[in-house]
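Below you'll find the structure, written out as structure tokens, and then a few comments.
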Amino acid sequence: VWLMLISALFLLPSGMLFERVPRASWWCLLLALLWGVQPQLVHALFPGMTYATALAWLAVALLAGLSYSLQQTFGSREFAVWLARAIIVGGLIQSLIGLAQLTGLANTLGLFYDSSHPTTNIFGHIGQRNQYAHYLMWSVVSGVYLFAVDRLARGWLALLVIWLGLMLAYAASRTTLLYLLALTLLGAMWHWRMRSAASQRLMWSMLLSCIVIFAAQFALPLVNHLVSLLTHAAVNNASGVERLAANGDDMGSRRLAEMGKAWMTFKSHPLWGVGWSQYAAESVRLQSLPQFASAGFNSGLFTNCHNLVLQLLAEMGLPVTLLTLGGFAWVIWPFFSEKAEAEGMLALGCLAVTLIHSMLEYPLWYLYFLAMLVVFASMSPAQTRRAGWWVYCLWMLALGFIGYQSVVTWSTYNELVGLYTQTDNPARDAKRQQRLAEIMEQHPLFAYHALSTLDDYLTADQGNLAQKLRWEERLTAFRPYPDVMMKKAQMLALAGREAEAKQTVSTALASFPTYAKDYLDGIDDDVPAWQPLREIAQQVFDRLPPQYRGGEGD
């Protein structure tokens, strides 16, 4: 937000800031209003989560306007060229972090890595293999665009694609194969529309790049051998193609199950949805139904059904979903109705990657992907009119409001970060608990995060049991994580509500059976009220296949 404000100040003297407002800005503004209204239409457990999303929509509406103003100031070609260069630089940095993870140097260099799978889970600094591959594919599209408009030499493009192709193979994202198919078809379609030397370069370079990336998936065993020789360590990483062939993690069946549950949730709440960010509780509630018995074992809570459309339907209802999707179609339609330019391929290629990923996961729930989607959408070649003074004032007020919110919420955010870790000093931690409870009540935007942090301080004992149980019940109604469900069950048992405690454990283990061992380890033998819970956990544990009996705690 602050970078956006600085950029706006840079444009202000030129008079170009918000002189024309793109369709993407109006679309995002509409969504900000819709998200802001929803807590008045449904039972929102944490309305601040919805309001925070509304603020995010307002922020990206301003970002779209700022991006469009930059295009008007410097020209669409220069804007796209510098955007593509920035994406490539970011992609190369991410790939180098991925290389450090692959070679085991991440820990030595103080970089982000997965301590449980230090050299096999390659995700750059983004933190998830599919999001990492998503960003690297943006870099490939950017390189092809720069080559097509004579801003990148053929040799540099070849090196870029070979390098990124190998790192995409190490990312082991199966979705990459869909990206390659979509980009190949899009490149051909764009050449058919443009019929120019640039579009021909674009089509062939995109096709060859996709072939190289696809070939890298099969060349990975050879590259593994070379890396093993250089690092003197056994490297046996699997590519996305190998993971697709093996299908050993049951993720496909789990995703399909979540999509089915999202559809059922929508049918139960067709008008306004179950509430923004409130699908997770529905996922756990529906898991015990017979049709989901054959789904793969869950090792964690699904807060999202892994499909953009179904998630919107489940949480926001049909009218808002139609306005969201219809509005987006209205925003990008000029890419197809107006004269085709190479810049359109950059924007649509990156949008295609994001939208494909959104059908199988939820990248747009991360602001950095949503922000870039809006930047690409702002490149739509729609005809715009000069904004009137009242429109200009509206957007300037919105810019000031977002800037104000970023300042006044900064102190609360920093305070929450400081309260995240316990001090092991009982008296001091008691005060921290009290402060977290105050933040939860006084600051709606941070209420959920305050309660989630507060939960780490709470123990299942008789001390202040009634209040702690109210907090746990509110938290599990919104985010029924397996450890939180167990803590709630233990508190219910201590409160003499044995039937509810047993039902809570049964519901939790229906969704998270691999936590049975963790539940058994967490139930003390010397607490009589908890022994019925132990019996339920033991029964689930005994039915588990051997490979799932190790628990999730480690």
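Counting from 1, position 93 in the sequence shown corresponds to residue 118 in my numbering; the numbering is continuous, with no gaps. Idealized CB from N, CA, C, for every residue including glycine. What you are looking at is a predicted structure, and each value in this text was computed from that prediction instead of being measured.
Exercise for the section: Please work out which residues of its chain come closer than 6 Å, Cβ to Cβ, to Asn86, disregarding the five sequence neighbours upstream and downstream, and give them in chain order. Expected result: Looking at the sequence shown, residue 86 is not Asn but Ala. Same-chain partners within the cutoff: Ser50, Cys53 and Leu54.
Problem - Pairwise C-alpha distance: Ala270 and Ala79 - result: Distance between the alpha carbons of Ala79 and Ala270 is about 41 Å.
Problem - Any 3 or more C-beta pairs closer than 8 Å across the stretch 509-524 and the stretch 479-498 - result: Contact holds between the stretch 509-524 and the stretch 479-498, because three or more Cβ pairs, one in each stretch, are under 8 Å apart.
Handout entry: Neighbourhood of Gln126 by C-beta, 6 Å cutoff - its chain only, sequence neighbours within 5 removed
Key = Within the same chain, Gln126 has close Cβ partners Tyr138 and Ile147.
Exercise for the section: Taking the CB atoms as reference points, tell me whether Lys512 and Asp551 lie closer together than 9 Å. Expected result: Note that the C-beta distance between Lys512 and Asp551 is not below 9 Å.
Handout entry: Identified DSSP bridge partners for Arg45
Key = According to DSSP, Arg45 bridges with Arg411.
Exercise for the section: Could you tell me whether the stretch 283-301 touches the stretch 245-256, where touching means 3 or more Cβ pairs closer than 8 Å? Expected result: Touching, no.
Practice task
Using 10 angstroms around the beta-carbon of Gly116, count the other beta-carbons present and answer buried if the total reaches 16, otherwise exposed.
Solution key: Sixteen is the threshold: when 16 or more other Cβ atoms of the shown chains lie within 10 Å of the Cβ of Gly116, as they do, the residue is buried.
Problem - Member of Leu350, Ile122, Leu108 and Tyr473 whose CA lies at the smallest distance from the CA of Gly168 - result: Shortest Cα-Cα distance from Gly168 to any of Leu350, Ile122, Leu108 and Tyr473 involves Leu108.
Practice task
Determine the burial state of Asp543: buried for a count of at least 16 other Cβ atoms within 10 Å of its Cβ, exposed for fewer.
Solution key: Counting Cβ neighbours within 10 Å, Asp543 comes out buried, since at least 16 surround it.
Handout entry: Beta-carbon proximity of Leu335 to Met404, cut-off 9 Å
Key = For the 9 Å CB-CB criterion, Leu335 and Met404 do not form a contact.
Handout entry: Rounded straight-line distance, which links the Cα of Trp163 to that of Gly374
Key = One C-alpha to the other measures close to 8 Å.
Problem - Reduced DSSP secondary structure (H/G/I, E/B, other) of Ser32 - result: Looking at Ser32 - three-state DSSP - the assignment turns out to be helix.
Handout entry: Cut-off 7 Å between Cβ atoms - residues of its own chain near His294, not counting five sequence neighbours on either side
Key = Answer for His294: Gly342, listed in chain order.
Practice task
Could you please give the first and the last residue of the uninterrupted alpha helix (DSSP H) stretch that includes Leu517?
Solution key: Pro507 to Leu519 is the extent of the alpha helix (DSSP H) around Leu517.
Problem - Sequence-distant residues of the same chain with beta carbon closer than 8 Å to Phe360, five excluded per side - result: Only Gly369, Ala372, Leu373, Ser405 and Pro406 meet the Cβ criterion.
Handout entry: Spatial neighbours of Met41 in its chain, beta-carbon cut-off 6 Å, leaving aside the 5 residues before and after
Key = So the list reads Ser94, Gln97 and Thr98, once near-sequence residues are dropped.
Exercise for the section: Classify Gln140 as helix, strand or coil using the three-state DSSP reduction. Expected result: Position check: residue 140 holds Ser in this sequence, whereas Gln was assumed. The answer is coil: DSSP assigns Ser140 none of H, G, I, E or B.
Handout entry: Chain-order list of residues whose beta-carbon lies under 7 Å from that of Cys330 (same chain, five-residue window excluded)
Key = Taken in chain order, the residues that qualify are Glu283, Met284, Lys286, Ala287, Tyr304, Gln336 and Ala339.
Handout entry: Gln17 in three-state terms, based on DSSP
Key = The shown model of the chain, from 26 to 579, leaves out residue 17, and the question about it has no answer.
Problem - Counted within 10 angstroms of its Cβ, other Cβ atoms place Cys235 as buried (16 or more) or exposed - result: Result: buried.
Handout entry: Stretch-stretch touch, CB-based, cutoff 8 Å, three pairs: the stretch 212-221 with the stretch 148-162
Key = Output reads no: the stretch 148-162 does not touch the stretch 212-221.
Practice task
Identify whether Asn329 lies in helix, strand or coil by the three-state DSSP scheme.
Solution key: DSSP places Asn329 in coil when its eight states are reduced to three.
Handout entry: Span of the alpha helix (DSSP H), counted from its first residue to its last, around Ala178
Key = First-last for Ala178: undefined, no H or E at that position.
Problem - Beta-carbon proximity check, Thr290 vs Leu56, cutoff 9 Å - result: In this structure, Leu56 does not lie closer than 9 Å to Thr290 by Cβ.
Practice task
Look at the alpha carbon of Arg559 and the alpha carbon of Ile151, and state the distance between them as a whole number of angstroms.
Solution key: Approximately 39 Å between the Cα atoms of the pair.
Problem - Cβ-based neighbour list, Phe239, same chain, cut-off 6 Å, excluding 5 preceding and 5 following - result: Around Phe239: Leu205.
Handout entry: Pro553, buried or exposed, once every other Cβ within 10 Å from all chains shown has been counted against 16
Key = Pro553 should be labelled exposed.
Practice task
Starting from the C-beta of His474, find all residues in its chain whose C-beta is less than 7 Å away, skip the five residues before and the five after it, and write them out in chain order.
Solution key: Contacts found: Leu441.
Handout entry: Glu560, enclosing alpha helix (DSSP H) - first and last residue
Key = Counted as a single uninterrupted DSSP element, the alpha helix (DSSP H) harbouring Glu560 occupies residues Gln556 to Arg568.
Exercise for the section: Going by CA-CA distance only, name the one from Ala258, Gly100, Arg102 and Ala377 that's closest to Leu203. Expected result: If we check each option's Cα against that of Leu203, Ala377 comes out closest.
Exercise for the section: Consult DSSP for Gly501 and reduce its assignment to one of helix, strand or coil. Expected result: Checking the sequence, you will find Thr at residue 501 rather than Gly. Three-state DSSP puts Thr501 in a helix.
Handout entry: Given Ala485 as reference, the closest of Met510, Met465 and Pro505 once Cα atoms are compared
Key = Relative to Ala485, the option among Met510, Met465 and Pro505 whose CA is nearest is Met510.
Practice task
Would you decide whether Pro507 is buried or exposed? Buried here means 16 or more other CB atoms lie within 10 Å of its CB.
Solution key: Per the 10 Å Cβ criterion, buried.
Practice task
Taking all protein chains shown into account, decide if Pro505 is buried (16 or more other Cβ within 10 angstroms of its Cβ) or exposed.
Solution key: Under the 10 Å beta carbon count, Pro505 is surrounded by 16 or more other beta carbons and is classified as buried.
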